[in-house]
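Chemist: If you count the sequence shown from 1, position 86 lands on 292 in my numbering, and the numbers rise without skipping. Before we start, here is the structure in question, set down as structure tokens.
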Amino acid sequence: GHTDRFAAACSERSANNLLSLEFGSDVAGFFSCELGPRHFDDPEEYLRMSPVTYVRDMNTPLLIIHSEEDLRCPTEQATQLFVSMKILEKDVEYWLFPGESHELTRSGSPVHRQRRAEIILEYFDRRLNV
Numbered sequence: 207g208h209t210d211r212f213a214a215a216c217s218e219r220s221a222n223n224l225l226s227l228e229f230g231s232d233v234a235g236f237f238s239c240e241l242g243p244r245h246f247d248d249p250e251e252y253l254r255m256s257p258v259t260y261v262r263d264m265n266t267p268l269l270i271i272h273s274e275e276d277l278r279c280p281t282e283q284a285t286q287l288f289v290s291m292k293i294l295e296k297d298v299e300y301w302l303f304p305g306e307s308h309e310l311t312r313s314g315s316p317v318h319r320q321r322r323a324e325i326i327l328e329y330f331d332r333r334l335n336v
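What follows is the structure in structure tokens.
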């Protein structure tokens, strides 16, 4: 994200805004178990741990892949990062797989798993000039 170390990156089924995810996920309350305080007791900690907080500093081109029926990290998590990056004119691409859950890479439809792999390979081929 906010480093010049990488020529490109890929984000999949990610938690980008922990404030909105805390009670928007199928594992509501999980993050407070991991972070300690609940988000309404210490929202600054959730913001500090959220990638969307650092969009202004993100310089690495990013491919975002998400699944439409992901209940663990709902699509709004990917959309928030994508829209934030677009507003700031960052280099970002977004692919959303219909009918897939958080488990796309493990138990998604074979067609979608193959397409996901193709998208990632094509993206890095373009970005890394391979």
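The beta carbon of each residue, even a glycine, is placed where N, CA and C say it ideally should be.
(1) What does the Cβ neighbour count give for C279, buried or exposed, with the cut at 16 atoms within 10 Å?
(2) Is it buried or exposed for G314, if we count other Cβ within 10 angstroms and need 16 for buried?
(3) What's the gap between the Cα of R319 and the Cα of R244?
(4) Sort out for me which residues DSSP pairs I271 with in a bridge.
(5) What's the gap between the Cα of V261 and the Cα of L253?
(6) Using 8 Å as the Cβ pair cut-off and three pairs as the minimum, do the segment 293 to 301 and the segment 228 to 240 touch?
(7) Figure out for me which residue from E324, A213, D331 and L302 has the closest Cα to the Cα of L268.
(8) Taking the alpha-carbon positions, what's the D263 to W301 distance?
(9) Tell me the rounded alpha-carbon separation between S256 and E218.
(10) Starting from the Cα of D220, find the closest Cα among E328, N335 and F288 and give me that residue.
Modeler: Walking through what the data contain:
(1) Looking up residue 279 in the sequence shown gives position 73. That one is buried.
(2) As a first step, residue 314 must be located in the sequence shown, where it is residue number 108. G314 should be labelled buried.
(3) Here the question's residue 319 lines up with position 113 in the sequence shown. Here the question's residue 244 lines up with position 38 in the sequence shown. Distance between the alpha carbons of R319 and R244 is about 36 Å.
(4) Working through the sequence shown from its first residue, we reach residue 271 at position 65. Answer is E218 and W301, bridged to I271.
(5) Position 55 of the sequence shown, counted from the start, is the residue given in the question as residue 261. Position 47 of the sequence shown, counted from the start, is the residue given in the question as residue 253. Computed Cα separation, rounded: 12 Å.
(6) no
(7) Within the sequence shown, numbered from 1, the residue matching residue 268 stands at position 62. Here the closest residue by C-alpha is A213.
(8) One-based indexing of the sequence shown puts residue 263 at position 57. One-based indexing of the sequence shown puts residue 301 at position 95. Distance between the alpha carbons of D263 and W301 is about 22 Å.
(9) Within the sequence shown, residue 256 is the residue found at index 50, counting from 1. Within the sequence shown, residue 218 is the residue found at index 12, counting from 1. Near 15 Å, if we compare the C-alpha coordinates of E218 and S256.
(10) Within the sequence shown, numbered from 1, the residue matching residue 220 stands at position 14. The sequence shown places Ser at residue 220, rather than the Asp named in the question. The candidate whose alpha carbon is nearest that of S220 is F288.
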